[in-house]
Amino acid sequence: MVLDAGSVTLLIGLAILLILLAVLFTFVPVMLWISALAAGVRIGIFELVGMRLRRVIPARVVNPLIKAVKAGLDLSTSKLEGHYLAGGNVDRVVNALIAAQRANIELSFERAAAIDLAGRDVLEAVQMSVNPKVIETPFIAGVAMDGIEVKAKARITVRANIDRLVGGAGEDTVIARVGEGIVSTIGSATNHKKVLENPDMISQTVLSKGLDAGTAFEILSIDIADIDIGKNIGAELQTDQAEADKKIAQAKAEERRAMAVAKEQEMKAKVEEMRAKVVEAEAEVPMALSEALRQGNMGVMDYMNYQNVMADTDMRDSISKATDGDSGNKKGE
9 MVLDAGSVTL
19 LIGLAILLIL
29 LAVLFTFVPV
39 MLWISALAAG
49 VRIGIFELVG
59 MRLRRVIPAR
69 VVNPLIKAVK
79 AGLDLSTSKL
89 EGHYLAGGNV
99 DRVVNALIAA
109 QRANIELSFE
119 RAAAIDLAGR
129 DVLEAVQMSV
139 NPKVIETPFI
149 AGVAMDGIEV
159 KAKARITVRA
169 NIDRLVGGAG
179 EDTVIARVGE
189 GIVSTIGSAT
199 NHKKVLENPD
209 MISQTVLSKG
219 LDAGTAFEIL
229 SIDIADIDIG
239 KNIGAELQTD
249 QAEADKKIAQ
259 AKAEERRAMA
269 VAKEQEMKAK
279 VEEMRAKVVE
289 AEAEVPMALS
299 EALRQGNMGV
309 MDYMNYQNVM
319 ADTDMRDSIS
329 KATDGDSGNK
339 KGE
């Protein structure tokens, strides 16, 4: 079958038309525009094209806008588009505004957008304002005045404070403050038995301190979920102190013993020194005798008498030592 020139031109025209329609429906969200008109949201087709040019996904703005209009909220396309360009989650903000309106919570779009851009889940915050959240602390240990350790676990019921969500402290700060209050309350108790008998005094004391100041929450109640006895810290401290005192006393005794040993060695050295002097003096006696004989100060008979006296003395010493030895043997028998 051979087509004439007119038929070819018609087919080319139809192909171009189909391509243009495909590009149009791809670039221009016609179906989204029709959905918006059907929902009663007045938005121009060129406004949707402008979103495409500004690199805004139209569905991320139009669908939340439809939801807001149906819920009775007065929001504009420019506000939602500006929040989207700032990196916010438009759908979550609109859901939070709808939830706040249903719960009669005063929340403006600007505050909701600020909370969302601050990194907090604004929808969760609104839900927490309606349905308070329970935060459970780990076991927190405190020591009473009698030295007994008391461990307590608390459940903190909090409600989100919309006005303080921007710049307010989070859950970790609340848990830290409650833990500090529990430790302080247990530490001020004179006896651990009082804490066990009245655990509610912990919650009452901690709750009265206004621990939610500067946080993003409002503390509704603090309940002690569990309480237990820990170690006898006072006894352990006394034991450690006694052990330390013992080591100090042993060190001082060892120091005195070392000083005594040193003194003994010093005295032995002095004795040996004195013995050396005696030996030195005894060595000078023969020299003195020789000099006396040479000078004529001592005669031969005097020297012989001296020798006899020395021999007599040695004999008596020998007899005395033999007598002492026999006495020792008899005692041993």
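One gets our numbering by counting positions in the sequence shown from 1 and adding 8 to each.
Note that beta-carbon positions come from the ideal geometry of N, C-alpha and C, so glycine has one too.
Just so it is clear, the structure is predicted and the values come from calculations on it, not from any experiment.
Remark: C-beta atoms of Thr85 and Glu55 approach each other more closely than 8 Å. Take Arg172, set aside five residues on each side of it, and the residues of its chain with a beta-carbon closer than 6 Å to its own are Ala224, in chain order. Along the segment 129-161, the alpha helix (DSSP H) occurs as fully enclosed runs of 4 or more residues at 130-138, listed in sequence order. Annotated as distal: Ile235 and Asp208, with beta-carbon spacing of 8 Å or more. Leu115 sits in coil when the DSSP states are folded into three classes, being neither helix nor strand. Here Ala94 carries a coil assignment [DSSP, helix/strand/coil]. Per DSSP, reduced to three states, the secondary structure at Thr198 is coil, with no helix or strand assignment.
Assigned with DSSP and collapsed to three states, Gly127 falls in coil, not helix or strand. For Leu219 against Val182, the beta-carbon gap comes to about 7 Å, under 8 Å, which counts as contact. Counting C-beta pairs with one atom in each stretch, the segment 139-149 and the segment 196-215 have fewer than three that are closer than 8 Å, which means they do not touch.
Contact holds between the segment 161-170 and the segment 179-193, because three or more Cβ pairs, one in each stretch, are under 8 Å apart. Within its own chain, the residues whose Cβ lies closer than 8 Å to the Cβ of Gly195, once the five positions on either side in sequence are excluded, are Gly150, Val151, Ala152 and Met153, listed in chain order.
Taking 4 residues as the minimum length, the alpha helix (DSSP H) runs contained wholly in the segment 203-246 are 208-215, in order along the chain. For Lys78, the CB contacts under 7 Å within the same chain, skipping 5 residues up- and downstream, are Ala47 in chain order. When DSSP reads this structure, Arg167 sits in a beta bridge with Glu226. Spatial neighbours of Leu88 in its own chain (CB-CB distance under 7 Å, excluding positions within 5 residues in sequence) are listed in chain order as Val69, Pro72, Leu73 and Val98. Rounded to whole angstroms, Ser328 and Arg283 show a C-alpha spacing of 23 Å. For Ala47, the secondary structure class from DSSP, reduced to helix, strand or coil, is coil.
In terms of Cβ geometry, Gly222 and Ala177 form a close pair [threshold 8 Å]. Counting along the chain, Leu61 sits inside the alpha helix (DSSP H) bounded by residues Ile53 to Leu61.
Ser211 has its alpha-carbon roughly 14 Å from the corresponding atom of Ile143. By the C-beta density criterion, Ile256 is exposed, having fewer than 16 other C-beta atoms within 10 angstroms.
The Cβ atoms of Ala108 and Leu115 sit closer than 8 Å to each other.
If you ignore the 5 residues before and after Ala94, its C-beta comes within less than 7 Å of the C-beta of Leu125, all in its own chain and listed in chain order.
Contact between Ser137 and Ile106 does not hold, since their C-beta atoms are separated by about 14 Å, which reaches or exceeds 8 Å.
A distance below 7 Å between beta-carbons, with the five flanking residues on each side excluded, links Gly96 to the following residues of its chain, in chain order: Ala121, Asp124 and Leu125. If you compare the alpha carbons of Arg63, Gln273 and Trp41 with that of Ile53, the shortest gap goes to Trp41. Burial check for Met59: the Cβ neighbour count within 10 Å reaches 16 or more, so the residue is buried.
Buried is the label assigned to Pro66, since at least 16 other Cβ atoms lie within 10 Å of its Cβ. In terms of Cβ geometry, Val130 and Arg100 form a close pair [threshold 8 Å]. With respect to the 8 Å criterion, Leu215 and Pro140 are not classified as neighbours on the basis of their beta carbons.
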